[in-house]
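Below: the structure, in structure tokens.
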Amino acid sequence: MMLIYLVRHAQSEANAGLPDAPIDCELTELGQRQAKATGDRLARMGPLDLILCSPYIRALETATAIHRATGASLEAFPPIHEHHITPFPEAWPLLDRHGLAARFPHLLLGSDFPEPGWHHPPETDAQALDRMGTALDLVRTRFANDPERDVRRICLVSHGSPTGKIVMAFLGQTIADPDIRIDNASITILDDTPGRRAVRGTNWADHLPERTS
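What the sequence shown shows, in the working numbering, is residues 267 to 479, in sequence order.
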């Protein structure tokens, strides 16, 4: 049995409409409070085995709060990165391996963590859905038939569009429209037990101290 907790990053500077927010923006003060509340909620729901996170600052700041609340290891997982429908600027706008290690010393970076240039927007909704299906398969393969655990609890911290598309891929959808609403710092739970896979809850946000649209 594997439970997958999907978390969208908390409110970012871009979500709050801050002018000139960079592509790899940070959380707002409200976002920091939301991230802590989400971590506390997950800690009350039971132990986590691992947190896998998009290597964007806003996602990593959210995942760090979950890491602190639960004690689960935090690992960078590029396949669940943000979905961009427009191209990147010429200069790579994200932290490289050295920058990630310096800013997030608790973050596990595998020896195969890619160098800058590991994704190339623009990406269509269909392409993003395919990517999320592949990411879900990677998680399943990694933890399949684990002889040491009857239950695995994995947390994936990503972004709004990718998180919704993970749910679509889990349900076997092949068309990425309409999108599934995923709010900042919300929790969605997938029961990925072969033979009885089910969505246990979507877009839970009642743990948040302040709601945003």
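Quick reminder that beta carbons are idealized off the backbone N, C-alpha and C, glycines included.
Query	Result
Pull up the CB-CB distance for L318 and I455, whole angstroms please, since I reckon it's below 8 Å.	Not a contact, Cβ separation roughly 15 Å.
Can you name the residues that DSSP bridges to W470?	I453
With a Cβ-Cβ cutoff of 8 Å, do A471 and A442 count as a contact?	no
Using DSSP with H/G/I as helix, E/B as strand and the rest coil, what is A331?	helix
Could you check how far apart the C-beta atoms of R418 and D315 are, in whole angstroms? I think they sit under 8 Å.	5 Å
Where in the region 373-435 do unbroken runs of the alpha helix (DSSP H), each at least 4 residues long, occur, reported from the N-terminal end onward?	391-409
Ends of the beta strand (DSSP E) at A303?	Counting along the chain, A303 falls outside any beta strand (DSSP E), though it belongs to the alpha helix (DSSP H) covering 295-310.
Which term fits H425, buried or exposed, when burial requires 16 or more other beta carbons within 10 angstroms of its beta carbon?	buried
Taking only three categories from DSSP, how would you classify R274?	strand
Please name the residue or residues paired with E341 in a DSSP beta bridge.	L318, L374
Taking contact to mean at least 3 C-beta pairs separated by less than 8 Å, is the region 387-394 in contact with the region 282-295?	no
Skipping 5 residues on each side, what residues in its chain have a beta carbon closer than 6 Å to that of S479?	Because S479 carries a pLDDT of 46, less than 50, the predicted location of this residue cannot be relied on, and no value is offered for it.
Would the beta-carbon of P321 fall within 8 Å of that of H350?	no
By DSSP, does L269 sit in helix, in strand, or in coil?	strand
Check for me: the alpha helix (DSSP H) holding H347 runs from which residue to which?	Segment: none, H347 is in no alpha helix (DSSP H) and carries neither H nor E.
On the CB-based measure, 16 or more other CB atoms within 10 Å of its CB, does L373 come out buried or exposed?	buried
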